[in-house]
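Student:
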Amino acid sequence: MEKTWVVNKFFEFLDGRFPDAKCELIHKNLYELAISTILSAQCTDEMVNRVTPLLFEKYPDFRALALSDIGEVKEIIRPTGFYNNKAKSITTLAKIVVTKYGGELPLVMELLVKLPGIGRKTANIILSEYATAEGIVVDTHVKRVSKRLGLTTHDDPIKIEKDLISLIPENRWGKISHQIIHFGRQICKARKPECSNCQMKDFCSYYKQ
Numbered sequence: 001m002e003k004t005w006v007v008n009k010f011f012e013f014l015d016g017r018f019p020d021a022k023c024e025l026i027h028k029n030l031y032e033l034a035i036s037t038i039l040s041a042q043c044t045d046e047m048v049n050r051v052t053p054l055l056f057e058k059y060p061d062f063r064a065l066a067l068s069d070i071g072e073v074k075e076i077i078r079p080t081g082f083y084n085n086k087a088k089s090i091t092t093l094a095k096i097v098v099t100k101y102g103g104e105l106p107l108v109m110e111l112l113v114k115l116p117g118i119g120r121k122t123a124n125i126i127l128s129e130y131a132t133a134e135g136i137v138v139d140t141h142v143k144r145v146s147k148r149l150g151l152t153t154h155d156d157p158i159k160i161e162k163d164l165i166s167l168i169p170e171n172r173w174g175k176i177s178h179q180i181i182h183f184g185r186q187i188c189k190a191r192k193p194e195c196s197n198c199q200m201k202d203f204c205s206y207y208k209q
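Reading the sequence shown from the start, the letters are residues 1 to 209 in full-length UniProt numbering.
1) Does K121 pass the burial test, meaning 16 or more other C-beta atoms within 10 Å, or should it be called exposed?
2) Closest to Q209 by CA distance: which of N29, R148, P53 is it?
3) Using only alpha-carbon positions, find the residue among K100, V98, A123 that is nearest to L107.
4) Along the alpha helix (DSSP H) that carries I76, what are the first and last residues, could you check?
5) Does the Cβ of S205 have 16 or more other Cβ atoms within 10 Å, making it buried, or fewer, making it exposed?
6) Let's see if you can read the secondary structure: which residues bound the alpha helix (DSSP H) around L93?
7) Out of curiosity, what's the CA-to-CA distance linking T99 and L65?
8) Tell me, please, whether the stretch 29–42 touches the stretch 182–202 by the rule of three or more beta-carbon pairs shorter than 8 Å.
9) With H, G and I counted as helix, E and B as strand and the rest as coil, what does DSSP make of N197?
10) Just curious, the alpha helix (DSSP H) that P157 is in, first and last residue?
11) Between P169 and K175, what straight-line distance do the alpha-carbon atoms span, to the nearest angstrom?
12) Tell whether a beta-carbon distance below 7 Å holds between I118 and V137.
13) For L164, count the other beta carbons within 10 Å of its own beta carbon; 16 or more makes it buried, fewer makes it exposed. Which is it?
14) Assuming the contact rule is C-beta atoms closer than 8 Å, F203 and F18 should be a hit. Round their C-beta distance to whole Å, please.
15) Which class does T152 belong to by DSSP, given the choice of helix, strand or coil?
16) So, using beta-carbon positions, are I90 and I35 closer together than 7 Å?
17) Taking Q179 as the reference, give the member of E2, L151, V142 with the closest Cα.
18) With distances taken from CA atoms, which of H27, R144, E110 is nearest R191?
19) Tell me whether L105 is buried or exposed, calling it buried when 16 or more other Cβ atoms sit within 10 Å of its Cβ.
20) Compare the C-alpha of L67 against each of D45, E24, G103 and name the closest.
As structure tokens, then:
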């Protein structure tokens, strides 16, 4: 079956089921999204959203975070896991943004991925929300769904992204990630996916097993 045909069917399904899908990390500005996204590594969005109100109250911008006590930062973000590494990443990031970019995060992929804690996935999230999407966010849900629907055979996120970019129009890059993530969380789950509730099951390798 042609991948483009499957993708078009997937678009129809996602637009009907998740028309308003968006980033579930609560944020008011670019700074908050960047920090929240870094904290979300190996952690649920729900937990990050419980932790960040206090963090952003104490450190409302990159300048404040750059001057923070890293011990206090660690205690606040402890529930997100890997808090030692995350605290180092976000405080170092803040210092670089202040000293090198005047306190404003650069909205350029090549510059973002050079910053502590920001890989291509995080950069894609930031750009899709505050600039122009330069790619597609590939997280565990996007990876799982894409493989089950035969849109990719790869495990490497970069290769998966390239496969998806070749199939999905650029004007959908930003929204499609959020739609697939919602689909992966609610229906196409890693364990016990709700196949009976899925209009894509006829195209799914997992369902056909």
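We treat Cβ as the ideally placed atom computed from N, Cα and C, and that holds for glycine.
Just so it is clear, the structure is predicted and the values come from calculations on it, not from any experiment.
Tutor: Checking against the coordinates, here is how it stands:
1) As a first step, residue 121 is located in the sequence shown; it is residue number 121 there, counting from the start. Burial call: buried.
2) As a working mapping, residue 209 is identified with position 209 in the sequence shown. Cα-wise, what sits closest to Q209 is R148.
3) Position 107 of the sequence shown holds residue 107. Nearest C-alpha to L107: A123.
4) As a first step, residue 76 must be located in the sequence shown, where it is residue number 76. Run containing I76: 70–77, per the alpha helix (DSSP H) assignment.
5) For the purposes of this step, residue 205 is taken as residue 205 along the sequence shown, with counting starting at 1. Per the 10 Å Cβ criterion, exposed.
6) To locate residue 93, count along the sequence shown from 1; it is residue 93. Per DSSP, L93 belongs to the alpha helix (DSSP H) from 83–101.
7) Position 99 of the sequence shown, counted from the first residue, corresponds to residue 99. Position 65 of the sequence shown, counted from the first residue, corresponds to residue 65. Going from the Cα of T99 to the Cα of L65 covers about 13 Å.
8) no
9) Working through the sequence shown from its first residue, we reach residue 197 at position 197. DSSP places N197 in helix when its eight states are reduced to three.
10) Along the sequence shown, one-based indexing puts residue 157 at 157. First-last of the alpha helix (DSSP H) with P157: 157–167.
11) The count along the sequence shown starts at 1 and reaches residue 169 at position 169. The count along the sequence shown starts at 1 and reaches residue 175 at position 175. Pairing P169 with K175, the inter-Cα distance amounts to about 11 Å.
12) In the sequence shown, counting from the first residue as 1, residue 118 sits at position 118. In the sequence shown, counting from the first residue as 1, residue 137 sits at position 137. Taking 7 Å as the Cβ cut-off, I118 and V137 do not qualify as a contacting pair.
13) Taking the first residue of the sequence shown as 1, we reach residue 164 at position 164. Within 10 angstroms of the beta-carbon of L164 lie 16 or more other beta-carbons, which makes it buried.
14) Indexing the sequence shown from 1 puts residue 203 at position 203. Indexing the sequence shown from 1 puts residue 18 at position 18. F203 to F18, Cβ: 17 Å. No contact.
15) The sequence position of residue 152 within the sequence shown is 152, counting from 1. Reduced to three states, the DSSP call for T152 is coil.
16) As a first step, residue 90 is located in the sequence shown; it is residue number 90 there, counting from the start. As a first step, residue 35 is located in the sequence shown; it is residue number 35 there, counting from the start. Taking 7 Å as the Cβ cut-off, I90 and I35 qualify as a contacting pair.
17) The residue given as residue 179 occupies position 179 in the sequence shown. It is V142 whose Cα lies nearest to the Cα of Q179.
18) Taking the first residue of the sequence shown as position 1, residue 191 is located at position 191. Of the listed residues, the one whose Cα sits closest to R191 is R144.
19) Numbered from 1 along the sequence shown, position 105 holds the residue referred to as residue 105. Its Cβ being crowded by 16 or more others within 10 Å, L105 is buried.
20) For the purposes of this step, residue 67 is taken as residue 67 along the sequence shown, with counting starting at 1. It is G103.
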